[in-house]
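*Asks:* One structure, as structure tokens, below. Some questions next.
Protein chains in written order, with the numbering used here: chain A, 1 to 250; chain B, 1001 to 1595.
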């Protein structure tokens, strides 16, 4: 009996300035396949369905267990991690496209460094005095830790930016991931001493005001982070901060 | 005073800690990483980080941590630095806590600790079951802060090809490739620190991330760096098999009370939940009553192999056993293990809260790595330092769970400080190295890439060669090792090296050519595979993770020594060095009773 096969369609572009083309591949089905295995199959036999020679597909991937954030792409129209996109669960033919809100590098690979830049701009860190041994950190309730832990699982995949209508060529909205990180650092006992600086960075163009509450972000977060809660919480913080700054005359 | 310049290759826990230590002194750092550092493999560590804080009234101490580590490593680790690591561990936890790591807490708001393999104490601090992710992020944030101050410059999306050595063999820089433009460039420095992680890809499928190829270590080895104890490979007892990856199911599942079992009757057709207690074989608890499910990894892995292959009790005849957490209250699972249970649910599609997980051992970690000295994390090449999984210093013949994160941070910190001291002590810095030294290395590396790109007649596919290498290494050079099978492995590796000469890139573009990069890594992996296999063939004893049924006992008279491989004109040479056992006397390692 012939092997069971399925079709994968991939949007390809060799360079940012070259033409887009869709290529189709016919792959041999095995149980428990994911999109990563599909891409490896193509790399091992880079021929399209019609038999013409192609090249291995460029894409980012590292941990393959949805914790590094690398392999985000658009699978059948939705932004998600390729490693947890199981062939059994996907409608065929499977369609793969690169994220569109970030500069394309090649094929399914994009440049998400803007997210790391924004983490820098919003000072998302705890400013410690140094690495010397000066005793334990601040005590924290279990309750607070549970909230913080949920936020600190953000893998910077960019799915929430991809799905957000306010992240587009006309706006520089930093996106839910960054706002949620600001919430994380502002709730930490040491981090909150420096909350103002982070909130300053979220005021003005591209800041929290750009969010128009579409609430798509929370639906595509692979880590189930309560992003809409974070957006609301930080929005509140920014308002209070703005009023205080006004009366302080700064 | 001249301002020295340090390069760090690798941005996982060790590399980031080294960067922080260097940046704190004001010395500028260039940090190179294949992936954005926040996506490094440290992110995959799950269970926790060990430190004898003794917050549970158990009388734990750093000496006991030290003793557990040496004993767990079957006395192959040099003892002084291990002692240093265990003594430093509590302060490392404090530091991470100050950096904002969301460690789990007790009702009093203090750090919570859980049990891990190879110890009887609650010594493992944890952040859910994604501790590595949380630690990596904390260090990443600190480095980002230094980056914003201009003290660290990141080169993400670059891969290391080789070091630049001057006429006296001193490291004066590195040669690296931009993975987007494929441009090959050299970068000058006074000292280079390598934190390039694990080598899982040498075994094809493992629990490691895609970037863990060992390519950088192999490149340095071929430039004269010693590679120590390569034959010591840890196979983790519990992973989810997969075609692309073997996904780790953390030891913390057992640390929180998870139990490993198989039905007593071979090929029992009943679902797990219908098999009564009396018909379940909890083999680890029966064979190792004191440690139970928390024996060290090599012991648990061999037990699973025995149950599956000798006793033929694998689930439905397959190579799998149950890892059962269904008896643990859901609230505890959610607070302490959610990350890993989610992974299982996502990839297998079954709910581990309700159904026992099906797991099997998988290649996980290399105890061996670049040789470093007993003090400074310095390799034998002047100006080259190494820290983290890529070096060999801390784990002897078997690593204890939750000791890797602490060894990364401790070793990274030492390497950072030592590299600064070395760089400042140089009479003549890299600015005085003739440009021709850099150009020679750049041309050598460019020629290798050009030759691969210009070869049009090749017939061999890189992924096929890689898979065959991984299969033969996994079959013959992991859990159970026979010399005859390993000799055949060497023959196979030679065959693959020969076939590698006829490789076909199938992509000859000069823009984000991932195949070119992979092929260059594959070349280096083949050499590392031979280093590992040769070391394993030579070592005729059983010690820690290295198990030879033909030589079933530890042989201290002949083999209490570190294997040191070197590259001798294109051939691998093995020599040996004495182990420093000055602090804890040798004794038999057995987990059937308390130590």
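Cβ coordinates follow ideal geometry from the N, Cα and C atoms, glycine included. Every value quoted in this text rests on a predicted model; they were computed, and no experiment measured them.
Could you tell me which chain A residues have their CB closer than 7 Å to the CB of residue 1020(B), listed as they occur along the chain?
*Replies:* In chain order: 131.
*Asks:* Is residue 1578(B) helix, strand or coil by DSSP?
*Replies:* In this structure, residue 1578(B) counts as strand in the three-state DSSP scheme.
*Asks:* Mind listing the chain A neighbours of residue 1361(B)? Cutoff is C-beta to C-beta under 7 Å, in chain order.
*Replies:* Those do not exist, as residue 1361(B) stays about 17 Å from chain A at its closest Cβ, beyond 7 Å.
*Asks:* According to DSSP, simplified to helix, strand and coil, what is residue 1051(B)?
*Replies:* Three-state result, residue 1051(B): coil.
*Asks:* For residue 1363(B), write down the residues that DSSP places opposite it in a beta bridge.
*Replies:* Residue 1363(B) pairs with 1235(B).
*Asks:* Kindly say whether residue 1211(B), judged by its beta-carbon, lies nearer than 8 Å to any beta-carbon of chain A.
*Replies:* So yes, residue 1211(B) belongs to the interface.
*Asks:* If you check the beta carbons only, do residue 196(A) and residue 1100(B) fall under 8 Å apart?
*Replies:* No.
*Asks:* For residue 242(A) and residue 13(A), what's the separation of their Cα atoms in angstroms?
*Replies:* So the two alpha carbons sit approximately 45 Å from each other.
*Asks:* If you draw a straight line from the alpha carbon of residue 15(A) to that of residue 99(A), how long is it in whole angstroms?
*Replies:* The alpha-carbon atoms of residue 15(A) and residue 99(A) are separated by roughly 15 Å.
*Asks:* Can we say the segment 56-73 of chain A touches the segment 1033-1046 of chain B, given the rule of at least three CB pairs closer than 8 Å?
*Replies:* Yes, the segment 56-73 of chain A is in contact with the segment 1033-1046 of chain B.
*Asks:* How do the segment 1249-1260 of chain B and the segment 1583-1590 of chain B stand: do at least 3 beta-carbon pairs fall below 8 Å, yes or no?
*Replies:* Verdict: no, contact absent.
*Asks:* Would you mind working out which of 48(A), 188(A) and 198(A) sits nearest residue 143(A), comparing C-alpha positions?
*Replies:* That would be 188(A), whose Cα lies nearest to the Cα of residue 143(A).
*Asks:* Can you pull the chain A neighbours of residue 1199(B), defined as C-beta to C-beta under 8 Å?
*Replies:* Simply none; closest approach about 15 Å.
*Asks:* Could you tell me the distance, in whole angstroms, from the CA atom of residue 1021(B) to the CA atom of residue 1066(B)?
*Replies:* The alpha-carbon atoms of residue 1021(B) and residue 1066(B) are separated by roughly 24 Å.
*Asks:* May I ask you to list the residues that DSSP assigns as paired with residue 1178(B)?
*Replies:* Note: residue 1178(B) sits in a beta bridge opposite 1158(B).
*Asks:* Tell me the start and end of each unbroken alpha helix (DSSP H) in the segment 170-212 of chain A that is at least 4 residues and wholly inside, in chain order.
*Replies:* Counting only runs of 4 or more, we get 176-187 and 195-201.
*Asks:* Suppose the cutoff is 7 Å on Cβ atoms and the five residues either side in sequence are ignored; what does the same chain contact list for residue 1504(B) look like?
*Replies:* Here the set comprises 1458, 1459, 1460 and 1461.
*Asks:* Drop a sphere of 10 angstroms on the beta-carbon of residue 62(A), count the other beta-carbons inside from all chains shown, and report buried for 16 or more, exposed for fewer.
*Replies:* Under this definition residue 62(A) is a buried residue.
*Asks:* For residue 1402(B), which residues of its own chain have a beta-carbon under 6 Å away from its beta-carbon, when the five flanking residues on both sides are left out?
*Replies:* Taken in chain order, the residues that qualify are 1047, 1048, 1049, 1050, 1116 and 1124.
*Asks:* What is the DSSP secondary structure of residue 1305(B), counted as helix, strand or coil?
*Replies:* In the structure shown, residue 1305(B) sits in a helix (DSSP, three-state: H, G or I).
*Asks:* Just to confirm before moving on: does the CB-CB distance between residue 1216(B) and residue 1196(B) stay below 8 Å?
*Replies:* In this structure, residue 1196(B) lies closer than 8 Å to residue 1216(B) by Cβ.
*Asks:* Measuring CB to CB, does residue 252(A) end up less than 8 Å from residue 1137(B)?
*Replies:* Beyond the ends of chain A as shown, which are 1 and 250, falls residue 252(A); an answer cannot be given.
*Asks:* Counting only C-beta atoms, is residue 127(A) closer than 8 Å to chain D at any point?
*Replies:* Of the protein chains in the structure, A and B, none is chain D.
*Asks:* Alpha carbon to alpha carbon, how far is residue 45(A) from residue 92(A)? Give it in angstroms, no decimals.
*Replies:* Roughly 20 Å separates the two Cα atoms.
*Asks:* My understanding is that residue 1191(B) touches residue 1383(B), with C-beta atoms under 8 Å, so please give their C-beta distance in whole angstroms.
*Replies:* So it is a contact: roughly 5 Å between Cβ atoms.
*Asks:* Quick check on this structure: which residue in 1003(B), 1182(B), 1018(B) and 1001(B) has the alpha carbon closest to the alpha carbon of residue 1412(B)?
*Replies:* Ranking 1003(B), 1182(B), 1018(B) and 1001(B) by Cα distance to residue 1412(B) puts 1018(B) first.
*Asks:* Under a three-way DSSP split, which group does residue 1262(B) fall into?
*Replies:* Correct three-state label for residue 1262(B): strand.
*Asks:* For the putative contact between residue 1302(B) and residue 1479(B), defined by C-beta atoms under 8 Å, what is the C-beta separation to the nearest angstrom?
*Replies:* Yes, they are in contact, since the Cβ atoms of residue 1302(B) and residue 1479(B) sit about 6 Å apart, within 8 Å.
*Asks:* What does residue 1148(B) touch in chain A if you count any residue whose Cβ is under 7 Å from its own?
*Replies:* Within 7 Å Cβ-Cβ: 120.
*Asks:* Comparing alpha-carbon positions, which option in 1447(B), 1377(B) and 1381(B) lies nearest residue 1418(B)?
*Replies:* Of 1447(B), 1377(B) and 1381(B), the residue nearest in Cα terms is 1377(B).
*Asks:* Helix, strand or coil for residue 1393(B)? Go by DSSP, reduced to three states.
*Replies:* Of the three classes helix, strand and coil, the one that applies to residue 1393(B) here is coil, per DSSP.
*Asks:* Please state whether DSSP places residue 1356(B) in a helix, a strand or coil.
*Replies:* Note: residue 1356(B) maps to coil in three-state DSSP.
*Asks:* Based on Cα-Cα distance, which residue from 1272(B), 1339(B) and 1026(B) lies nearest to residue 1599(B)?
*Replies:* Only positions 1001 to 1595 of chain B appear in the structure, and residue 1599(B) is not among them; the question remains open.
*Asks:* Thinking residue 234(A) and residue 202(A) are a contact (beta carbons under 8 Å), I'd like their distance in whole angstroms, please.
*Replies:* With a Cβ gap of about 7 Å, residue 234(A) and residue 202(A) count as contacting.
*Asks:* Quick one: any contact between the segment 1108-1122 of chain B and the segment 154-166 of chain A, if contact means 3 or more CB pairs under 8 Å?
*Replies:* At 8 Å Cβ cutoff, the stretches do not touch.
*Asks:* To which residues does DSSP link residue 1566(B) through a beta bridge?
*Replies:* Residue 1566(B) is bridged to 1573(B).
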